[in-house]
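Input: a single structure, listed below in C-alpha cells.
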Amino acid sequence: MREEQKKSVKNGVGRLVFVALSFLIQTVWIIMLFVYLNKYSTAISLFSSLLALIVVLLIYGRNMNAAFKMSWMVLILVFPVWGICLYLMFGHANVTKNMRVKFEKIDQELFQKIPQNTEVCQKLEQEDLAIANHARYLWNYASAPVYQNTDVTFYEDTTKGLEAQKEALQKAEKFIFMEYHAIEEAESFLGIKDILIEKAKQGVEVRIVYDDVGSVVFINKDFVERMEKVGIHCRIFNEIHPVLNIFMNNRDHRKITVIDGKVGFTGGYNLANEYFNITQPYGHWKDTGVKLEGDAVKSFTMMFLEMWNAVKETDTNYDNYFPEIDYKAKESGYVIPYADSPLDREPTGENVYLNLIKYAKKEIYFTTPYLLLTDEMVRELTLAAKRGVDVRIVTPGIPDKKLVYQMTRSYYKPLVRNGVRIYEYTPGFLHAKQCVCDGKAATVGTINLDFRSLYLHFENGVYLYHCDAIKDIRKDFEELFDVSREVTEQYKVEPSIPHKLWQSILHLFSPLM
Numbered sequence: 003m004r005e006e007q008k009k010s011v012k013n014g015v016g017r018l019v020f021v022a023l024s025f026l027i028q029t030v031w032i033i034m035l036f037v038y039l040n041k042y043s044t045a046i047s048l049f050s051s052l053l054a055l056i057v058v059l060l061i062y063g064r065n066m067n068a069a070f071k072m073s074w075m076v077l078i079l080v081f082p083v084w085g086i087c088l089y090l091m092f093g094h095a096n097v098t099k100n101m102r103v104k105f106e107k108i109d110q111e112l113f114q115k116i117p118q119n120t121e122v123c124q125k126l127e128q129e130d131l132a133i134a135n136h137a138r139y140l141w142n143y144a145s146a147p148v149y150q151n152t153d154v155t156f157y158e159d160t161t162k163g164l165e166a167q168k169e170a171l172q173k174a175e176k177f178i179f180m181e182y183h184a185i186e187e188a189e190s191f192l193g194i195k196d197i198l199i200e201k202a203k204q205g206v207e208v209r210i211v212y213d214d215v216g217s218v219v220f221i222n223k224d225f226v227e228r229m230e231k232v233g234i235h236c237r238i239f240n241e242i243h244p245v246l247n248i249f250m251n252n253r254d255h256r257k258i259t260v261i262d263g264k265v266g267f268t269g270g271y272n273l274a275n276e277y278f279n280i281t282q283p284y285g286h287w288k289d290t291g292v293k294l295e296g297d298a299v300k301s302f303t304m305m306f307l308e309m310w311n312a313v314k315e316t317d318t319n320y321d322n323y324f325p326e327i328d329y330k331a332k333e334s335g336y337v338i339p340y341a342d343s344p345l346d347r348e349p350t351g352e353n354v355y356l357n358l359i360k361y362a363k364k365e366i367y368f369t370t371p372y373l374l375l376t377d378e379m380v381r382e383l384t385l386a387a388k389r390g391v392d393v394r395i396v397t398p399g400i401p402d403k404k405l406v407y408q409m410t411r412s413y414y415k416p417l418v419r420n421g422v423r424i425y426e427y428t429p430g431f432l433h434a435k436q437c438v439c440d441g442k443a444a445t446v447g448t449i450n451l452d453f454r455s456l457y458l459h460f461e462n463g464v465y466l467y468h469c470d471a472i473k474d475i476r477k478d479f480e481e482l483f484d485v486s487r488e489v490t491e492q493y494k495v496e497p498s499i500p501h502k503l504w505q506s507i508l509h510l511f512s513p514l515m
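Next comes the structure, spelled out in C-alpha cells:
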C-alpha cells in the first residue's frame, strides 16, 4: 500500500476514535447529570421513575417491531436514566423527521421518472397472480416498478463482477454514478479509479457517493478533494461528527453502479480489497452480484440521484439521466429493482423476504452474513418448513464480528427444531445477500437478515422472476451447500441453563446492535 494510503487509513481510524470518544463523553455527561439530580432530589427521582413508566407505555403503543419494543422496554425498566437517554437519542420516532421530509421532497420529483408500465403488470398477472401481487406491493409501497426488456447476469464471484464493471465503465459516454457503503483506495478500487479519471477527461459526468462510517477506516476525507481535482464529483453520505447526531445511526448500505442509464450493477460487495480476496482477514470472502441491462436500470438511476441530492440538493433537471434507450432484451423475465429506507416506516426489505417465504411451495434458500431475525421472520421460516418446504440458510463459517456471530448462532435453535436447515460456509466469511425460491423467483442485493439492514439502513435489491439468472443463483446455492457444514442436528441439542440464559440475553438486545 502506498504511503499516502497508509496515512489516509491512519487518519480515518483516528477520526473515528475521536468521534466515538466524543460521543461517549457526551452520553456519560448526560447520564451522570440525571443520576446526580436523582441522588439529591427525591422529586426528580420520582419524576424519572414516572417518566420511565410513561416512556415504556408509549413504546408499547408504538407501531414498531415487537423485538425493538421489548429491547427498549427492558433497558428502560432496568436502567431508567440510562435507558431513557439512549432511547431519546436513538429510538424515538421523530428523531429523523427533518431528514424524512427532505427525502420525501426529492422523491416526489424522482418517482415521476420511473412510471409503472401497466402492460407489463397485466402480463405478469396472467402468468402468476401471486408474483403480480408481490410486484403490486413494491409499486404501491416502495415506488418500484416491475420491468421487462431487461437482461440479468449473475456473478457468483466478485472478481468476475468487478471485471464486468470495468468493462462497462470503459464504454461510458454520458454519465457514471457509483454509490457504495465502503470504498478502499487500494488495488480493488484503483483500477476503477483510473478508468473514471480517463472518462472524466473525455467529458463523461462521473459521480461517487460513499458512506462515511463504512469507508472511514479505508480513506480519509481528503479523498473528496483529490477526486474533484481529477474531474470526479464526490460526496460523503451522513458524515460523522463529534456531536450527538441521531441520524448517524442510519447508514447508506447500498452498492450501485449506473452507466449511461443503460447498464447497472449491484450486489453484496463494496469496493475494498477483502471483498475480492486480495486480502483475507476472515478466510475466503464469498460475495455475489448482478448486472442489469435495459429498462430496469432506470430504478438504479433514481436511487442514486435520491442519495446524491439528499447529501446536497443541486440537480434541478433530471431528464438527462433518464434517456430513452434503444435496447432489445434477449430474455423476457421480470425485474424489480427496489430500495429500502429507514425513513419511510415501511420495512420493504423484510417484506420482500416474507412474501417470498409465503410464496414458496418446494424450496427457499437464503445466504446472509448475519442472522438476527424478527419474530415474524422466524415464524414464517418455520411455518414454511412445517408445511414441507425445504428451507435452508447459509451463514459464515468464520466471523468478522464475534459478538454478532454469537447472536447469529443464538437464532439457530428455534429454527432447526422446527425443520429449517442451517449451513455454515467453512472456507471463510459469507457476505452474499441472496434468496432463491422454487427456482422461479430470487432476490440479490445488499439486505442482510438482521435488524440493521431491515430497519436502520438505506438498502437496495433486485427481485427477479423467470429470469435466466435465477438458474445461476440456484446453482450457486448448490455449490455453497457442497463446501458448507450443516449444523442443523448440532443445534437441536438442548443447551445448558447458563448457555440458554446467555442466548436469551443475546436475543433480547440483538435489535439494538
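By our numbering, the letter at position 108 of the sequence shown is numbered 110, and the numbering carries on one by one without gaps. We put the CB at the ideal spot given by N, CA and C, even for glycine. Just so you know, these numbers come straight off a predicted model, no measurement behind them.
Straight-line spacing of the CA atoms in GLN282 and GLU175 works out to 36 Å. TRP287 has its alpha-carbon roughly 10 Å from the corresponding atom of ASP402. Taking 4 residues as the shortest admissible run, the region 66-93 contains the following complete alpha helix (DSSP H) segments, listed from N- to C-terminal end: 68-80, 82-88. For PRO398, there is no enclosing alpha helix (DSSP H); the residue is part of the beta strand (DSSP E) that begins and ends at 392-398. In this structure, the straight-line span from the alpha carbon of TYR414 to that of LEU126 is close to 36 Å. About 15 Å separates the Cβ atoms of ILE258 and GLY351, ruling out a contact at the 8 Å cut-off. Shown here for GLU295: same chain residues with a beta carbon closer than 6 Å to its own, the five before and five after excluded, namely ASP153, VAL265 in chain order. ALA443 carries a strand assignment under DSSP once its states are collapsed to helix, strand and coil.
Between TYR355 and TYR467, the CB-CB gap reaches or exceeds 9 Å. In the DSSP assignment, PHE225 falls within the alpha helix (DSSP H) that extends over 224-231. Residue burial annotation: TYR62 is exposed, with fewer than 16 other C-beta atoms found within 10 angstroms of its C-beta. Looking at the DSSP output, HIS235 bridges to ARG209. For LYS288, the enclosing beta strand (DSSP E) starts and ends at 286-288.
For ASN462, the enclosing beta strand (DSSP E) covers residues 461-467.
Taking a 10 Å sphere around the C-beta of VAL218, we find 16 or more other C-beta atoms and assign the residue as buried.
Beta-bridge partners assigned by DSSP to ARG487: GLU426.
With contacts defined as CB atoms closer than 9 Å, ASP213 and HIS183 qualify as a contacting pair. DSSP places LYS257 in the uninterrupted beta strand (DSSP E) bounded by 257-261. In the three-state DSSP reduction, GLN110 falls in the helix class (H, G or I).
A residue is called buried when at least 16 other Cβ atoms come within 10 angstroms of its Cβ; HIS136 meets this threshold and is buried. Secondary structure at ASP342: strand, using DSSP grouped into helix, strand and coil. Nearest in C-alpha terms to PHE460, of all of MET66, MET305, ALA443, is MET305.
Under DSSP, GLU308 shares a beta bridge with no residue.
Bridge pairing for THR152: GLY296 [DSSP]. For ASN119 and ASP321, the gap between their C-alpha atoms comes out near 18 Å.
In summary, HIS501 is exposed, with fewer than 16 beta-carbon neighbours lying within 10 Å of its beta-carbon over all protein chains present.
In the DSSP assignment, PHE267 falls outside any alpha helix (DSSP H) and lies within the beta strand (DSSP E) extending over 265-269. Annotation for GLU181: the continuous beta strand (DSSP E) segment containing it runs 177-182. The beta carbons of TYR407 and PRO398 sit closer together than 9 Å. ILE238 is positioned such that its CB atom lies no closer than 9 Å to that of LEU198.
Under the DSSP assignment, TYR367 falls outside any alpha helix (DSSP H), being part of the beta strand (DSSP E) whose first and last residues are 365-369.
Under the three-state reduction of DSSP, GLY335 is assigned to coil, being neither helix nor strand.
By alpha-carbon distance to ILE133, the top candidate from TRP504, ILE338, GLU488 is ILE338. In this structure, ASN251 keeps its C-beta atom at 9 Å or more from the C-beta atom of LEU451. The beta-carbon distance between ILE178 and LYS203, rounded to whole angstroms, is 13 Å. This is too long to meet the 8 Å contact definition.
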